[in-house]
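Undergrad: Next up is a structure, given as structure tokens.
Protein chains: 2
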Amino acid sequence: MSEAFRLGIAGLGTVGAGVVRLLTEHAALIETRAGRPIEVVAVSARERTKDRGIDLSSYHWCNDPVELAHLDGIDAVAEVIGGSDGPALDLARESLGHGRSLVTANKAMIAQHGLDLAQRAEANSAGLLFEAAVCAGTPILQTLREGMVGNRIDRIEGILNGTSNYILSAMERQGEDFGEVLAEAQRLGYAEADPALDVDGGDAAHKLAILAALAFGVEPRFCEVEIEGIRDIRAADIMQAERLGYSVRLVAMADMERQGDSPARLLQRVRPCLLPAHHPLASIDGPTNAVLAHGDYAGPILIQGAGAGSESTASAIVSDVVALARGETRPAFAVPATSLAGVKCADSGEREARYYLRFVVADRPGVLAELAAAMRDARVSIQSLIQEGESVGPEESGIMIALVTHKAPARNVRDALARLQGAASIVEPPLAMPILMD
Amino acid sequence: MSEAFRLGIAGLGTVGAGVVRLLTEHAALIETRAGRPIEVVAVSARERTKDRGIDLSSYHWCNDPVELAHLDGIDAVAEVIGGSDGPALDLARESLGHGRSLVTANKAMIAQHGLDLAQRAEANSAGLLFEAAVCAGTPILQTLREGMVGNRIDRIEGILNGTSNYILSAMERQGEDFGEVLAEAQRLGYAEADPALDVDGGDAAHKLAILAALAFGVEPRFCEVEIEGIRDIRAADIMQAERLGYSVRLVAMADMERQGDSPARLLQRVRPCLLPAHHPLASIDGPTNAVLAHGDYAGPILIQGAGAGSESTASAIVSDVVALARGETRPAFAVPATSLAGVKCADSGEREARYYLRFVVADRPGVLAELAAAMRDARVSIQSLIQEGESVGPEESGIMIALVTHKAPARNVRDALARLQGAASIVEPPLAMPILMD
Chain A
0 MSEAFRLGIA GLGTVGAGVV RLLTEHAALI ETRAGRPIEV VAVSARERTK DRGIDLSSYH
60 WCNDPVELAH LDGIDAVAEV IGGSDGPALD LARESLGHGR SLVTANKAMI AQHGLDLAQR
120 AEANSAGLLF EAAVCAGTPI LQTLREGMVG NRIDRIEGIL NGTSNYILSA MERQGEDFGE
180 VLAEAQRLGY AEADPALDVD GGDAAHKLAI LAALAFGVEP RFCEVEIEGI RDIRAADIMQ
240 AERLGYSVRL VAMADMERQG DSPARLLQRV RPCLLPAHHP LASIDGPTNA VLAHGDYAGP
300 ILIQGAGAGS ESTASAIVSD VVALARGETR PAFAVPATSL AGVKCADSGE REARYYLRFV
360 VADRPGVLAE LAAAMRDARV SIQSLIQEGE SVGPEESGIM IALVTHKAPA RNVRDALARL
420 QGAASIVEPP LAMPILMD
Chain B
0 MSEAFRLGIA GLGTVGAGVV RLLTEHAALI ETRAGRPIEV VAVSARERTK DRGIDLSSYH
60 WCNDPVELAH LDGIDAVAEV IGGSDGPALD LARESLGHGR SLVTANKAMI AQHGLDLAQR
120 AEANSAGLLF EAAVCAGTPI LQTLREGMVG NRIDRIEGIL NGTSNYILSA MERQGEDFGE
180 VLAEAQRLGY AEADPALDVD GGDAAHKLAI LAALAFGVEP RFCEVEIEGI RDIRAADIMQ
240 AERLGYSVRL VAMADMERQG DSPARLLQRV RPCLLPAHHP LASIDGPTNA VLAHGDYAGP
300 ILIQGAGAGS ESTASAIVSD VVALARGETR PAFAVPATSL AGVKCADSGE REARYYLRFV
360 VADRPGVLAE LAAAMRDARV SIQSLIQEGE SVGPEESGIM IALVTHKAPA RNVRDALARL
420 QGAASIVEPP LAMPILMD
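Line by line, the protein sequences are chains A and B. Here the first sequence stands for residues 0 to 437, numbered as in numbering that gives the first Met the number 0. Here the second sequence stands for residues 0 to 437, numbered as in numbering that gives the first Met the number 0.
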């Protein structure tokens, strides 16, 4: 039998404990598949004595996680502390700088410091793997990096945040507004006490920046993702969309524009969209995550599964650990960090789509003419108009008007909404959602 | 720059030519991702002079594909000749026996000779990879073998034959019977002139045997797959199922029964089933393939994409070639061939499900009583009965009776049908389809 592969784990929350449990429960299975045993030898966490339902007595304990970067007798470190900076980043830098491979579930850290960490890993012949950072145990990074290795990929679309998708699915099913469903999701443990990172799109944006870098061979650029969350969507919008034949989903999209074969301009967006029933992401329900990657040879490949959870995340971490145990060290973002292209941002204003627009307006004559004039002046033409009698908005002071536009550049739609800003007849900020795959 | 990885290709049909085209078109991309160039150095096919739209002048030509096993200066052979035996098998045995890695798209050969080939590969330290054999460029084998490496998997379900799924989807959409839709599919190139391997389930069975071996760690046992095709399904069955809220799909299913942690009994079936709308495979339309693998940590993972086509297949072959070029040689079926368990067949008769049963009977008194008596005697209880006025069958000599049973063991359902065999009132053999995921 080959020598054991020795792992240090930093962070023993539900994910860290899940990794220990998985490696223990499936030790024999994993040994047969990896060709050698995988052993946890050291751990670090904030509280040593907390009961986590696992036996830590045989592991070396480190009070400071960064010790794991230097401790003798460790082949790799699994970082599940979390946070884009602080101890997680210190540990990652120290480990990789010291030539010690790192497996991490930390999407915020990879989205924001991925390039620097990949460079450190390569400079010191260490592996840097982060399958768990995107869609937990649903192996999308590996699918892009290995299964689709022969493909040029120019477009990725995904449902990357389970909490938002759970909320939108529940709003659709129950006809309830965002606030009510969020409260329920928090009670059921599908949403955090502070849901901002999930429902405002930041979490999906972290994952999108990682996917885009890996699929397109460009530097990860989290700061350039255009982000819009789901707080402003009403149950009435979802019902309206449904009547028109669409589902509302928070979609993360990345598009690569090329000049010849070289990456030129990158567009990354996270925003609520209307999806027709035949769109592969339209049927993704509840907390499930899914990614659709368009390969020029393989065609569209969809992969879906749990996008969170300690067991699913542990599954991804272990798959990375096994790859390291087999001696497979590849560039973190599929190509050497020096080969990652630094690309410009594409102008989202140029992108054309049909749009769903919804206004809450004062119920008085002339309001519709005002809306229509703004649309005309911005060169957005209206395809169909739905006026809802329903009173909505602050103190039910307004009525809802929804419309679907003909295909128009995003810039024109923004211009139309800007023209209406401050108009006395508009009771609350309008909502605009593009319709995908028309 | 590292040394080139040199490939020989046996077979230059659409797939072989697709591999050459892909490696040429994306040479730079692949070199960056693989860390070294991949070069085709030798080819073999039946006709040397045929115009394939690719330039073969710089490749060494072999009249006999088996020469590629021994020709100097080749790192691996890609076999895309096809056929479970004959030259493909000769080449595979010779190559692996000679320590030369083999990549193949040949599902029939791997399903039937996979164990022998895996043993040869391991005995001679050669790689044996066959991602293209299951669902073409949709990387399901890699997902099982690597992405889900930390999981125990006890169940796999898939839509593994694009032709059958195309036909069933078209029957559903167009309300036409099997024969009409098959003829159309043949005209459009979605079905072969001899469609038997596709519509009778053999092709899906080959793929299922490979998936089961890899996911469960058992010897591939194609000969033990229970197979039923789609020829006997009528448009009226699909309409009836639709009214009840189900889609009809040809589903390949493998279940592992364990004793403790060890594989004990394996059930492999390919058969038409009724799927409720919320089943992840129910919405798989047209020639698309999909596999749902249930991991005990990762949860259910679905992967879907094209299941055939020269470009998609070339994508899979190239992903295997890149893995070899990176020096990643792993056991063919995820664990060493000596670790693959030889398991018994599970008894499908024990499996319980609700069933859709359809009879074509003579239109005369007492027929229904006869059916009901057979069901009662076999201990199958009827949940709902649908009698259709429509005349069907040979010379429209019968009328259709469809029913849904309560949950019953397959054995009892078979017994009920056996009791009716030869009954004068039964105009043609009955159709039985289980309802999945109730």
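Ideal placement from N, C-alpha and C gives every residue a C-beta, glycine not left out.
Output, in chain order, the set of chain A residues within a Cβ distance shorter than 9 Å of residue 124 of chain B.
TA: Residues of chain A passing the Cβ test: none, with the nearest at roughly 13 Å.
Undergrad: Select from A:193, A:152, A:180, A:240 the residue whose C-alpha is nearest the C-alpha of residue 252 of chain A.
TA: Per the Cα distances, A:152.
Undergrad: Output the boundary residues of the alpha helix (DSSP H) element that contains residue 288 of chain B.
TA: Careful: residue 288 of chain B lies outside any alpha helix (DSSP H), inside the beta strand (DSSP E) at 287-294.
Undergrad: Check whether the Cβ atoms of residue 207 of chain A and residue 267 of chain A sit closer than 8 Å, and answer yes or no.
TA: Yes. Within cutoff.
Undergrad: Rounded to whole angstroms, what is the Cα-Cα separation between residue 156 of chain A and residue 254 of chain A?
TA: Looking at the two C-alpha atoms, the distance is approximately 9 Å.
Undergrad: By how many angstroms is the C-alpha of residue 36 of chain A removed from the C-alpha of residue 27 of chain A?
TA: Cα to Cα, the separation comes out at about 8 Å.
Undergrad: Which residues in chain A have a C-beta closer than 9 Å to the C-beta of residue 300 of chain B? List them in chain order.
TA: Chain A residues near residue 300 of chain B: 136, 137, 138, 302, 303, 304, 305.
Undergrad: Are the CB atoms of residue 249 of chain B and residue 163 of chain B within a distance shorter than 8 Å?
TA: Yes, they are a contact pair.
Undergrad: Looking at the structure shown, is residue 64 of chain B part of a helix, part of a strand, or coil, going by DSSP?
TA: Of the three classes helix, strand and coil, the one that applies to residue 64 of chain B here is helix, per DSSP.
Undergrad: Just checking: is the beta-carbon of residue 146 of chain A within a distance shorter than 8 Å of some beta-carbon in chain B?
TA: Taking Cβ atoms only, chain B reaches closer than 8 Å to residue 146 of chain A, which makes this a yes.
Undergrad: Using beta-carbon positions only, say whether residue 377 of chain B and residue 414 of chain B come within less than 8 Å of one another.
TA: Cβ atoms of residue 377 of chain B and residue 414 of chain B: closer than 8 Å.
Undergrad: What does DSSP give as the partner residues of residue 355 of chain B in its beta bridges?
TA: According to DSSP, residue 355 of chain B bridges with B:403, B:432.
Undergrad: Kindly indicate which three-state DSSP category residue 264 of chain B falls into: helix, strand or coil?
TA: It is a strand residue.
Undergrad: Would a check of beta-carbon distances place residue 213 of chain B closer than 8 Å to chain A?
TA: False, the Cβ-Cβ gap to chain A never drops below 8 Å.
Undergrad: Less than 8 Å between the C-beta atoms of residue 369 of chain A and residue 422 of chain A, yes or no?
TA: Yes.
Undergrad: Would you call the segment 124-139 of chain B and the segment 95-112 of chain B touching, i.e. three or more CB-CB distances under 8 Å?
TA: Yes: at least three Cβ pairs fall under 8 Å.
Undergrad: With residue 47 of chain A as the anchor, note down where its beta strand (DSSP E) starts and where it stops.
TA: Residue 47 of chain A -> no beta strand (DSSP E), and no H or E assigned at all.
Undergrad: Can at least three beta-carbon pairs, one atom from the segment 141-148 of chain B and one from the segment 287-299 of chain B, be found at a separation below 8 Å?
TA: Because the criterion of three Cβ pairs below 8 Å is met, the segment 141-148 of chain B and the segment 287-299 of chain B touch.
Undergrad: Just the chain B side, please: which residues come within less than 7 Å of residue 25 of chain A by C-beta, in chain order?
TA: Simply 149, 151.
Undergrad: So residue 317 of chain A contacts chain B; which residues on that side make the cut at Cβ distance below 9 Å?
TA: In chain order: 148, 149, 150, 296.
Undergrad: Any C-beta of chain A sitting closer than 8 Å to the C-beta of residue 349 of chain B?
TA: Chain A contact via Cβ: absent.
Undergrad: For residue 310 of chain B, go through chain A and note every residue whose CB falls closer than 7 Å to its CB, in chain order.
TA: Simply 296.
Undergrad: Taking the runs of the alpha helix (DSSP H) that are 4 residues or longer, which of them lie wholly in the segment 92-169 of chain B?
TA: Complete alpha helix (DSSP H) runs here, min 4: 106-122.
Undergrad: For residue 136 of chain B, count neighbouring C-beta atoms within 10 Å of its own C-beta (all shown protein chains included) and say buried if the count is 16 or more, exposed if not.
TA: Its Cβ being crowded by 16 or more others within 10 Å, residue 136 of chain B is buried.
Undergrad: Among residues of its own chain, excluding the 5 on either side of residue 389 of chain B, which ones have a beta-carbon nearer than 6 Å to its beta-carbon?
TA: If we look at residue 389 of chain B and ignore the five residues flanking it on each side, its Cβ neighbours are 399.
Undergrad: Mind checking whether residue 274 of chain A and residue 75 of chain A have CB atoms under 8 Å apart?
TA: No. Outside cutoff.
Undergrad: What does DSSP give as the partner residue(s) for residue 308 of chain A in the beta ladder?
TA: The partner list for residue 308 of chain A (beta bridge, DSSP) is empty, contrary to what the question assumes.
Undergrad: Can a CB atom of chain A be found closer than 8 Å to the CB of residue 103 of chain B?
TA: Answer no: the Cβ-Cβ gap between residue 103 of chain B and chain A never drops below 8 Å.
Undergrad: Sort A:31, A:7, A:108, A:92 by Cα distance to residue 62 of chain A and report the nearest one.
TA: Among A:31, A:7, A:108, A:92, the Cα nearest to that of residue 62 of chain A belongs to A:7.
Undergrad: With DSSP as the reference, label residue 182 of chain A as helix, strand or coil.
TA: In this structure, residue 182 of chain A counts as helix in the three-state DSSP scheme.
Undergrad: If you draw a straight line from the C-alpha of residue 121 of chain B to the C-alpha of residue 227 of chain A, how long is it?
TA: Answer to the nearest angstrom: the Cα atoms are 52 Å apart.
Undergrad: Assuming contact is defined by CB atoms lying nearer than 8 Å, are residue 263 of chain A and residue 334 of chain A in contact in what I supplied?
TA: No. Outside cutoff.
Undergrad: Buried or exposed: where does residue 404 of chain A fall if 16 or more other Cβ atoms within 10 Å of its Cβ makes it buried?
TA: Buried: at least 16 other Cβ atoms inside 10 Å.
Undergrad: Quick check: what's the CA-CA separation for residue 260 of chain A versus residue 148 of chain A?
TA: Rounded to whole angstroms, residue 260 of chain A to residue 148 of chain A spans 16 Å at the Cα level.
Undergrad: Please work out which residues of its chain come closer than 8 Å, Cβ to Cβ, to residue 204 of chain A, disregarding the five sequence neighbours upstream and downstream, and give them in chain order.
TA: Only 110, 221, 224, 226, 251, 267, 269 meet the Cβ criterion.
Undergrad: Taking the alpha-carbon of residue 86 of chain B as reference, which of B:150, B:418, B:116, B:65 has the nearest alpha-carbon?
TA: Looking at the Cα atoms, B:65 is the closest of the given residues.
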